[in-house]
Amino acid sequence: MAMHAREFFAQLDLPFADSAVVGDTYYATPVSGGPLRLRIDFSPTQWANEYVGLRLATLHQDRGQLDVTVLRFADHKTFDHRDSTRGVQPHNSGYGTFKEFKDRPDWVPWEGAHTNGLRDAIEQYSAVWFPGTWPAPATSRAAGRTAQPVPSPSAQRSAARAR
Numbered sequence: 001m002a003m004h005a006r007e008f009f010a011q012l013d014l015p016f017a018d019s020a021v022v023g024d025t026y027y028a029t030p031v032s033g034g035p036l037r038l039r040i041d042f043s044p045t046q047w048a049n050e051y052v053g054l055r056l057a058t059l060h061q062d063r064g065q066l067d068v069t070v071l072r073f074a075d076h077k078t079f080d081h082r083d084s085t086r087g088v089q090p091h092n093s094g095y096g097t098f099k100e101f102k103d104r105p106d107w108v109p110w111e112g113a114h115t116n117g118l119r120d121a122i123e124q125y126s127a128v129w130f131p132g133t134w135p136a137p138a139t140s141r142a143a144g145r146t147a148q149p150v151p152s153p154s155a156q157r158s159a160a161r162a163r
C-alpha cells in the first residue's frame, strides 16, 4: 500500500477505541453501540492520485450519509513547512497537496506533515456529531488569580461631533 494510510491516521492519534483503517479509509464508531459512524478518507483533486485534504463523513447505519466536509491541508497548515522549503507558494501547483505513486511503495507521500491543525478540526467536527466522545483537554495553566472586571468607558456623548 503506497499511501501508508494506517501510519497517517496513527499520527493523527484519534481517540476512538472502536476504529479501523481499511485500505486508505479510517472508520470509527465514536459512540459504542450507537447508530452513527465516522469515515475519514483522503479528498482527491482533479488529478489522479493527488490529494488536497481529508474528507470527513458522518454515516447513519440505516439512513446512510448524513454529513460530509473536507478539511483542506492548506487551510490547516499541514504542509506549510514542506512547501515553504521547496519555494512553493499558495495558488501554485502542488501547494498543500500530496501525490501518491503506486510504483514506489517505500515512499511516504505525506512525509513531514504537521497534523495538529487537522486533528483540532477533527475534534471540532466530532464535538458536533459525537458530543462527549473526545477527551477533555488538560488545563494548561495552573490555578491562579481570576480575571478582574475592566471598567467600561462612560457613555457620554461627545460635544465635538454633533449633527
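Every letter in the sequence shown is one number past the one before it in full-length UniProt numbering, and letter 85, counting from 1, is 85. Don't be surprised by glycine CBs; every beta carbon is placed ideally from N, CA and C. These figures come from a predicted structure and were not determined experimentally.
- Between ALA113 and LEU38, the alpha-carbon positions lie close to 22 Å from each other.
- Here VAL31 carries a coil assignment [DSSP, helix/strand/coil].
- Cβ atoms of ALA121 and LEU71 come within 8 Å of each other, at about 5 Å.
- Distance from the CA of THR115 to the CA of ARG6, rounded to the nearest whole angstrom, comes to 14 Å.
- When rounded, the separation of the alpha-carbon atoms in GLN124 and THR69 is 12 Å.
- By alpha-carbon distance to SER126, the top candidate from SER43, VAL22, ARG63, ALA28 is ALA28.
- For GLU111, there is no enclosing beta strand (DSSP E), as DSSP gives it neither H nor E.
- Taking C-beta atoms under 8 Å as the contact rule, PHE9 and VAL22 fail to qualify, at a distance of about 11 Å.
- For PHE73, same chain residues with a beta-carbon under 7 Å away, outside a window of 5 residues either side, are VAL52, GLY53, PHE79, GLY96, THR97 in chain order.
- A Cβ-Cβ distance of about 5 Å is found for the pair GLY117 and LYS77, placing them in contact under the 8 Å criterion.
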